[in-house]
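Reading through the structure tokens given below for one structure.
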Amino acid sequence: MKFLAPLAAAATIVTGAANAQHASFESAVPALSHYGSTVVQGDLWKRPGLSARDRSIVTVATLIAREQTALMPEELARALDNGVKPSELSGIVTHLAFYAGWGNAAAAADALAPIYETRGIPAESLPGAEVEQLPLNQEAEDAREAGVQANHAETSIGVVDYTRDVLFRDLWLRSDLAARDRSLVTVTALVAVGQAEQVPFHLGRAMDNGLTRDEASEALTQLAFYAGWPRVFSAMPVFRSVFDARPTSE
Amino acid sequence: MKFLAPLAAAATIVTGAANAQHASFESAVPALSHYGSTVVQGDLWKRPGLSARDRSIVTVATLIAREQTALMPEELARALDNGVKPSELSGIVTHLAFYAGWGNAAAAADALAPIYETRGIPAESLPGAEVEQLPLNQEAEDAREAGVQANHAETSIGVVDYTRDVLFRDLWLRSDLAARDRSLVTVTALVAVGQAEQVPFHLGRAMDNGLTRDEASEALTQLAFYAGWPRVFSAMPVFRSVFDARPTSE
Amino acid sequence: MKFLAPLAAAATIVTGAANAQHASFESAVPALSHYGSTVVQGDLWKRPGLSARDRSIVTVATLIAREQTALMPEELARALDNGVKPSELSGIVTHLAFYAGWGNAAAAADALAPIYETRGIPAESLPGAEVEQLPLNQEAEDAREAGVQANHAETSIGVVDYTRDVLFRDLWLRSDLAARDRSLVTVTALVAVGQAEQVPFHLGRAMDNGLTRDEASEALTQLAFYAGWPRVFSAMPVFRSVFDARPTSE
Numbered sequence: 001m002k003f004l005a006p007l008a009a010a011a012t013i014v015t016g017a018a019n020a021q022h023a024s025f026e027s028a029v030p031a032l033s034h035y036g037s038t039v040v041q042g043d044l045w046k047r048p049g050l051s052a053r054d055r056s057i058v059t060v061a062t063l064i065a066r067e068q069t070a071l072m073p074e075e076l077a078r079a080l081d082n083g084v085k086p087s088e089l090s091g092i093v094t095h096l097a098f099y100a101g102w103g104n105a106a107a108a109a110d111a112l113a114p115i116y117e118t119r120g121i122p123a124e125s126l127p128g129a130e131v132e133q134l135p136l137n138q139e140a141e142d143a144r145e146a147g148v149q150a151n152h153a154e155t156s157i158g159v160v161d162y163t164r165d166v167l168f169r170d171l172w173l174r175s176d177l178a179a180r181d182r183s184l185v186t187v188t189a190l191v192a193v194g195q196a197e198q199v200p201f202h203l204g205r206a207m208d209n210g211l212t213r214d215e216a217s218e219a220l221t222q223l224a225f226y227a228g229w230p231r232v233f234s235a236m237p238v239f240r241s242v243f244d245a246r247p248t249s250e
Numbered sequence: 001m002k003f004l005a006p007l008a009a010a011a012t013i014v015t016g017a018a019n020a021q022h023a024s025f026e027s028a029v030p031a032l033s034h035y036g037s038t039v040v041q042g043d044l045w046k047r048p049g050l051s052a053r054d055r056s057i058v059t060v061a062t063l064i065a066r067e068q069t070a071l072m073p074e075e076l077a078r079a080l081d082n083g084v085k086p087s088e089l090s091g092i093v094t095h096l097a098f099y100a101g102w103g104n105a106a107a108a109a110d111a112l113a114p115i116y117e118t119r120g121i122p123a124e125s126l127p128g129a130e131v132e133q134l135p136l137n138q139e140a141e142d143a144r145e146a147g148v149q150a151n152h153a154e155t156s157i158g159v160v161d162y163t164r165d166v167l168f169r170d171l172w173l174r175s176d177l178a179a180r181d182r183s184l185v186t187v188t189a190l191v192a193v194g195q196a197e198q199v200p201f202h203l204g205r206a207m208d209n210g211l212t213r214d215e216a217s218e219a220l221t222q223l224a225f226y227a228g229w230p231r232v233f234s235a236m237p238v239f240r241s242v243f244d245a246r247p248t249s250e
Numbered sequence: 001m002k003f004l005a006p007l008a009a010a011a012t013i014v015t016g017a018a019n020a021q022h023a024s025f026e027s028a029v030p031a032l033s034h035y036g037s038t039v040v041q042g043d044l045w046k047r048p049g050l051s052a053r054d055r056s057i058v059t060v061a062t063l064i065a066r067e068q069t070a071l072m073p074e075e076l077a078r079a080l081d082n083g084v085k086p087s088e089l090s091g092i093v094t095h096l097a098f099y100a101g102w103g104n105a106a107a108a109a110d111a112l113a114p115i116y117e118t119r120g121i122p123a124e125s126l127p128g129a130e131v132e133q134l135p136l137n138q139e140a141e142d143a144r145e146a147g148v149q150a151n152h153a154e155t156s157i158g159v160v161d162y163t164r165d166v167l168f169r170d171l172w173l174r175s176d177l178a179a180r181d182r183s184l185v186t187v188t189a190l191v192a193v194g195q196a197e198q199v200p201f202h203l204g205r206a207m208d209n210g211l212t213r214d215e216a217s218e219a220l221t222q223l224a225f226y227a228g229w230p231r232v233f234s235a236m237p238v239f240r241s242v243f244d245a246r247p248t249s250e
């Protein structure tokens, strides 16, 4: 096992939540304790190209999009330890209520509430209905709306209306999550549930808003472990087509 | 937030389960309490075009198909409050044992059992092995069976045999769920897990059995919130192709 | 219900875990108790073409790949009863940590730990980091690596490197799971989550390593019940194309 020797030393440096092994691995799947401390905690999370904070965003967005409750307690806590602010973490759950499903948000909120309670983070400190709004790019929004109207208004005017009023002129303008982070969460959720066909629009937005190509590449690496290899292999050609279509200076 | 002011009054009218907020939203994701009381409970569930009963069918079918246990207690209870009969609710679980998976049905039954116990609904009142059978459309069934035989008999005769004997000449004929509702449950489950490619056959059946185009459009709107926007955007072109292929008088 | 009469006798022969009904079916969905004892336990699990051991491998791989925790306790226990060794069962969880996601493995380990404790299976008896390695087919691995390098190195070198170092030159060589079983687990996971497009490579490997066409056909039958009919109907054309491309003597 290539990663066992060289990383044993590194693994001992890591402390706290970032090094926590899922408790039942030790007794039921000891091999995963070893892969965990060497490859995952000792190597993946320390790779350059994507910050630990952003790796936590990718990881918790994956867990929420898939309603994977078993890892939520430790990974939501790690996200806070890695510098994701409570307002951002709650903002991720709010965003995924719409981009994964209301039930996914409910499961995430159930896991998040006791963590906030333990850490003394009161509801009043978290973003509510009214937050400062980011500026709307009216031209881009008009183009998006025109396309959706043309393609979908006759199929479901309800979806078209809510997409405009609740998503693109409300949710996406909320300042509790930076535009770049919101797009990273969206791309992650799409890869995690196997909907790579919708990645181009959102990955393009993410890169327009500052996500670098190296960061997107490393988000795929993080996703390989947390969403599983097959989801990532289906997404890689789509990422490549987005990369190839952008200016080479990036 | 556009929906805050105009719907605040409407929200106060709603009472009981239909207005219940998922408990942990208030402390962990306050923004979702607001979206919940305004956009979801105060607007979505009251839209014309699809009855509250049918919205509950779409919602619980989504939760079961995705094994989203966090919302099951409140949404299964709301389904009963909205007029879904216990025999129909158990019929939905039975149907999804085959159209989502045996494990999905197990999770749903685990959530349903305590609700029935609280409400005093005994097992003897629920449909068992023997229920009145709906008439078989022999011509349509022969055509379906011939197609499946031709395409799949050499790949898996077991799947072909069970499809005929257990699904189309048994499950689909059970009278515990009306044909139109059974098809709505099936279409919902397909959209919820991202298998829009199988929607045409079942959406056509649903519309043959009385689901209107307006109801199908509103089912998509309900699905946007409970299955997440991406699943619905992948399904809309498929719905449109089914709509376009039907007589314009519908 | 065709299966009620002829299988009633057979059902009485089955004892123990193999006949256990999911407890809440009786009170909440009695129809599923009947389908369970007749069609599923009384017929599916006894079909020729795939051993009960292999049916358990398909079933638990489905549950883990979908994080379906409700059925895990009974099906993990049944797998042990059906002859899946603890080292193999933990090996399946290890494999799916990479092929379904780290969170899926965590949920499976949580369900597996109390079963091992009850049965007195200590962690020291389970495979850890170091297990005997199966021989590497250097030629096939070089071809795989060259293809992945050419297609994906510019998109995510991290994914490419881990795929080589952790998956194909480590995980796939672990002797805690036979190559044929490891491929069966992988194919099952792909079908269970709706990623049939990646089945050909892994089904070909499975058949190269001894999985017969009849066994693959029956794996689809088992998957129909545990992953749901739609997943299997999307997978059948892919299985057929793999079958058709192989020598007719198989």
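Chains as they are written, first to last, in UniProt numbering: chain A, 1 to 250; chain B, 1 to 250; chain C, 1 to 250.
For glycine and all other residues, C-beta sits at the position ideal for the given N, C-alpha and C.
For clarity, every value in this text was computed on a predicted model and none was experimentally measured.
Count the other CB atoms, across all protein chains shown, that sit within 10 Å of the CB of D142 (chain A); report buried if there are 16 or more and exposed otherwise. Classified as exposed, D142 (chain A) has fewer than 16 neighbouring CB atoms from the shown chains inside 10 Å of its CB.
Around the C-beta of S56 (chain C), are 16 or more other C-beta atoms found within 10 angstroms, so that it is buried, or is it exposed? Flag for S56 (chain C) reads buried.
Nearest to V191 (chain A) by CA position, among C:G101, C:R53, C:H22, is which residue? Cα-wise, what sits closest to V191 (chain A) is C:G101.
Unbroken alpha helix (DSSP H) run spanning S87 (chain A), endpoints: Residues 86-99.
Sort B:V93, B:R164, B:L177 by Cα distance to E132 (chain B) and report the nearest one. Per the Cα distances, B:L177.
Helix, strand or coil, according to DSSP, for Q138 (chain A) in the structure here? Three-state result, Q138 (chain A): helix.
Listing by chain order, which chain B residues have their CB less than 8 Å from the CB of V236 (chain C)? Note that residue 236 (chain C) is Met in the sequence shown here, rather than Val. Here the neighbours are N151, H152, T155, S156, V159.
Between which two residues does the alpha helix (DSSP H) holding F168 (chain C) run? Secondary structure note for F168 (chain C): it is in no alpha helix (DSSP H), with a DSSP letter that is neither H nor E.
Can you give the Cα-Cα distance for A129 (chain A) and V40 (chain B), rounded to whole angstroms? Taking the Cα positions, A129 (chain A) is about 14 Å away from V40 (chain B).
Reduced DSSP category for R174 (chain C) - H, G, I as helix; E, B as strand; rest coil: Looking at R174 (chain C) - three-state DSSP - the assignment turns out to be strand.
In chain B, which residues lie less than 8 Å from L71 (chain A) when you measure between Cβ atoms? Within chain B, no residue comes near L71 (chain A); the closest Cβ sits about 15 Å away, beyond 8 Å.
Expressed to the nearest angstrom, what Euclidean distance is found between the alpha-carbon atoms of P86 (chain C) and S51 (chain C)? Their backbone Cα atoms lie some 18 Å apart in a straight line.
What are the boundary residues of the alpha helix (DSSP H) that H34 (chain A) is part of? In the DSSP assignment, H34 (chain A) falls within the alpha helix (DSSP H) that extends over 30-35.
So, at 6 Å on beta carbons, what are the nonlocal neighbours of Y235 (chain C) in its own chain, with the 5 sequence-adjacent residues on each side left out? First, the amino acid is wrong: residue 235 (chain C) is Ala here, not Tyr. Cβ contact annotation for A235 (chain C) (same chain, cutoff 6 Å, sequence separation greater than five): V191, A196, in chain order.
Short of 8 Å Cβ to Cβ, which residues in the UniProt domain "Carboxymuconolactone decarboxylase-like" (161-239) of chain A face chain B? Across the UniProt domain "Carboxymuconolactone decarboxylase-like" (161-239) of chain A, CB contacts with chain B closer than 8 Å involve Y162, T163, D165, V166, L167, R169, D170, R174, D176, A189, L190, V193, G194, Q195, E197, Q198, in sequence order along the chain.
In chain order, what residues of the segment 26-37 of chain A put their CB closer than 9 Å to some CB of chain C? Correct list: E26, S27, A28, V29, P30, A31, L32, S33, H34, Y35, G36.
Would F243 (chain B) count as contacting chain A if we go by Cβ distances under 8 Å? Chain A, which has a Cβ nearer than 8 Å to the Cβ of F243 (chain B), makes this yes.
Which value, in whole angstroms, describes the spacing of the CA atoms of residue 286 (chain B) and N209 (chain B)? In this structure chain B extends from 1 to 250, so residue 286 (chain B) is not present and cannot be described.
Counting only the same chain and skipping the five closest in sequence on each side, list residues whose C-beta sits under 7 Å from that of V160 (chain B). Closer than 7 Å at Cβ, skipping near neighbours: V148, Q149, H152, A153.
Could you tell me the alpha carbon to alpha carbon distance between I115 (chain B) and P122 (chain B), rounded to whole angstroms? Taking the straight line from one Cα to the other gives about 11 Å.
Any idea which residues DSSP pairs Q133 (chain C) with across the strands? Answer is C:R174, bridged to Q133 (chain C).
Considering only the alpha carbon of each residue, which of A:F168, A:E75, A:T212 lies closest to L63 (chain A)? Answer by Cα proximity: A:E75.
Strictly below 8 Å CB to CB, what residues from chain A border S90 (chain C)? Within chain A, the residues near S90 (chain C) are A28, V29, P30, A31.
Would you call R246 (chain B) buried or exposed, if buried means 16 or more other Cβ atoms sit within 10 Å of its Cβ? Around the Cβ of R246 (chain B), a 10 Å sphere holds fewer than 16 other Cβ atoms; the residue is exposed.
Contact list for A106 (chain C) against chain A, beta-carbon separation under 7 Å: Identification of chain A residues near A106 (chain C) by a Cβ-Cβ cut-off of 7 Å yields H22, A70, L71, ordered along the chain.
Using the C-alpha atoms, what's the distance from P230 (chain A) back to G49 (chain C)? Distance between the alpha carbons of G49 (chain C) and P230 (chain A) is about 28 Å.
Where R205 (chain C) falls, given that 16 or more other Cβ within 10 Å makes a residue buried: When all chains shown are included, R205 (chain C) counts as buried.
For E88 (chain C), which residues from the same chain have a beta carbon less than 6 Å from its beta carbon, with the 5 sequence-adjacent residues on both sides left out? When the five nearest sequence neighbours on each side are left out, the beta carbons in the same chain lying within less than 6 Å of the beta carbon of E88 (chain C) are those of L177, in order along the chain.
Do you know offhand how far L167 (chain B)'s Cα is from T188 (chain B)'s? If I take the Cα positions, the gap works out to 18 Å.
Pick from C:V242, C:F243, C:Y226: whose alpha carbon is nearest that of L44 (chain C)? Ranking C:V242, C:F243, C:Y226 by Cα distance to L44 (chain C) puts C:Y226 first.
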